[in-house]
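Reviewing the structure listed below.
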Ligand code: PGA
């Protein structure tokens, strides 16, 4: 079944007000005319207001890099689903390995974030993936299955209807060492198959992005793989021309 590709930029902790405005202006002109691929950007939450205004009239969708499980109250420093919605954010990254590592986020906590996003009508972009040591120990599938199962066990497989998974091997993030198309395809097929053991229909529609050193030179080949439905892009999403090449490669490969 045909899935509409999604390429999303994860800006991480980068940029300021003027960078946000300028990058979005450049993306708008680079991506004018693209209609066979969904495109989203996740700037730092501080700049969602600038981004929302700059994106008026554009097909580019807004996202965020994290969310809290609570909707309101005494939770110092946190940002809720409703706040993200207020700024028009739709695709919300959760479970990124940088948050799992630096903020000690557990599978159970991430499943609660997933639930909060579904409850709010937002789209979870659930990041999963193994470390280098796990990869070398042959544990890639076991790790991915565990990270997916924490959501399925808490919410049921139907929670993945309309959701996005980003397979991001940790050893490939920010290292310049992307997984090969064949390596990534094999894990993507495993992830889809794992979901299919619970529901074929859910597995058929779920978007599985690849992430980890995707750039303008390697994207096209990654997108030739049948179970790679787009990309979550870090470093290369900070430069409009490179990001546009990645988006257009997805559009060309999947239409
Ligand atoms: P990278 O980051 O493209 O810079 O490797 C991807 C990510 O962490 O989402």
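Numbering (the working numbering), first residue to last: 44 to 298. Backbone N, C-alpha and C fix where the C-beta goes; we use that ideal spot for every residue, glycine too. Keep in mind the model is a prediction, meaning the values are calculated, not measured.
Flag residue i as yes when its Cβ comes closer than 8 angstroms to any non-hydrogen atom of the ligand PGA, and as no otherwise.
{"i": "residue 193", "result": "no"}
{"i": "residue 250", "result": "no"}
{"i": "residue 245", "result": "no"}
{"i": "residue 55", "result": "yes"}
{"i": "residue 231", "result": "no"}
{"i": "residue 138", "result": "no"}
{"i": "residue 211", "result": "yes"}
{"i": "residue 141", "result": "yes"}
{"i": "residue 215", "result": "yes"}
{"i": "residue 104", "result": "no"}
{"i": "residue 338", "result": "Any answer about residue 338 is impossible in this case: the structure gives the chain only from 44 up to 298."}
{"i": "residue 275", "result": "yes"}
{"i": "residue 159", "result": "no"}
{"i": "residue 293", "result": "no"}
{"i": "residue 170", "result": "yes"}
{"i": "residue 174", "result": "no"}
{"i": "residue 279", "result": "yes"}
{"i": "residue 58", "result": "no"}
{"i": "residue 256", "result": "yes"}
{"i": "residue 223", "result": "no"}
{"i": "residue 144", "result": "no"}
So for residue i, helix, strand or coil by DSSP?
{"i": "residue 98", "result": "coil"}
{"i": "residue 335", "result": "The displayed coordinates of the chain run from 44 to 298. Any statement about residue 335 would go beyond what the structure contains."}
{"i": "residue 243", "result": "helix"}
{"i": "residue 155", "result": "helix"}
{"i": "residue 108", "result": "coil"}
{"i": "residue 135", "result": "strand"}
{"i": "residue 171", "result": "strand"}
{"i": "residue 163", "result": "helix"}
{"i": "residue 255", "result": "coil"}
{"i": "residue 178", "result": "helix"}
{"i": "residue 216", "result": "coil"}
{"i": "residue 56", "result": "coil"}
Return the CA-CA distance between residue i and residue j, expressed in angstroms with no decimal places.
{"i": "residue 288", "j": "residue 264", "result": "12 angstroms"}
{"i": "residue 298", "j": "residue 79", "result": "7 angstroms"}
{"i": "residue 116", "j": "residue 103", "result": "32 angstroms"}
{"i": "residue 293", "j": "residue 72", "result": "18 angstroms"}
{"i": "residue 252", "j": "residue 121", "result": "27 angstroms"}
{"i": "residue 156", "j": "residue 170", "result": "12 angstroms"}
{"i": "residue 225", "j": "residue 268", "result": "8 angstroms"}
{"i": "residue 81", "j": "residue 141", "result": "25 angstroms"}
Below 8 angstroms on the Cβ atoms is my guess for residue i versus residue j; work out the distance and round it to an integer in Å.
{"i": "residue 105", "j": "residue 131", "result": "5 angstroms"}
{"i": "residue 279", "j": "residue 247", "result": "Between residue 247 and residue 279 the Cβ distance is about 29 angstroms, and since that is not below 8 angstroms, they are no contact."}
{"i": "residue 238", "j": "residue 210", "result": "With 8 angstroms as the limit, residue 238 and residue 210 do not qualify as a contact, their Cβ atoms being about 12 angstroms apart."}
{"i": "residue 51", "j": "residue 92", "result": "At roughly 20 angstroms, the Cβ-Cβ gap does not stay under 8 angstroms, so residue 51 and residue 92 are not in contact."}
#### Entry: Meets three-Cβ-pair contact criterion under 8 angstroms: the segment 192 to 204 and the segment 233 to 251
yes
### Query
Counting pairs of beta carbons, one from the segment 218 to 227 and one from the segment 129 to 147, are three or more of them closer than 8 angstroms?
no
### Query
Does the segment 108 to 116 come within contact of the segment 61 to 78, defined as at least 3 CB pairs closer than 8 angstroms?
no
### Message
For the pair the segment 144 to 155 and the segment 56 to 67, tell me if three or more CB-CB distances fall below 8 angstroms.
### Response
no
### Query
Using 8 angstroms as the Cβ pair cut-off and three pairs as the minimum, do the segment 223 to 231 and the segment 189 to 196 touch?
no
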